[in-house]
Every structure is written in structure tokens, then in C-alpha cells.
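Input: a single structure, listed below in C-alpha cells.
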Amino acid sequence: MSIRKVLGSILFFGSWLVYALLIFIAADAEWTTAEKFGIGAALYGVSWITFAAGSILLGPDFIEKIKLMIKPKNKK
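FYI, the numbering for the sequence shown is 90 to 165, going by my numbering.
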């Protein structure tokens, strides 16, 4: 496995870890609503950027595998 694929995998799957951090931020009572919103929006953006970068680094073959996994069984 190449460095590109390893880095792509880390970015792709790591982008999902942000959601655990978002739950922590939402539950923390020390921050104001505006701070929670700002931090949450920034983390959400970072998550999508790392998801897209990981997808690009993994290449079109990985995207095709994902499409096959989520494709409905009755469509050919």
C-alpha cells in the first residue's frame, strides 16, 4: 500500500472522528451557544475537507467500491 493510500485512508476515516468531538462540545456547559456554534461549524467544515481530501487520495477505484456498497440491490 502506497503512502498516498495510507494518508487517504487516515483522512477519509479520520473525518468521522470529528463527530465524537462535536458531541463533547455540545454537552460542555462552559461554552456559550455562540462559541459552540462557531467551533461546531469549523469542525464540521474540517470534517468535510478531510473527507474530500481522503477520497481524492484514495482514488476513483475506492469511490467505485463505495458506490457498489451503497447501491440498492434491485438496481443493476
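The beta carbon of each residue, even a glycine, is placed where N, CA and C say it ideally should be.
Through-space distance from residue 95 to residue 103, alpha-carbon basis: 12 Å
DSSP three-state assignment for residue 137, whether helix, strand or coil: helix
For residue 114 and residue 128, which I take to be in contact (beta-carbon distance under 8 Å), what is that distance rounded to the nearest angstrom? 6 Å
Rounded C-beta distance between residue 110 and residue 132? I'm assuming under 8 Å. 6 Å
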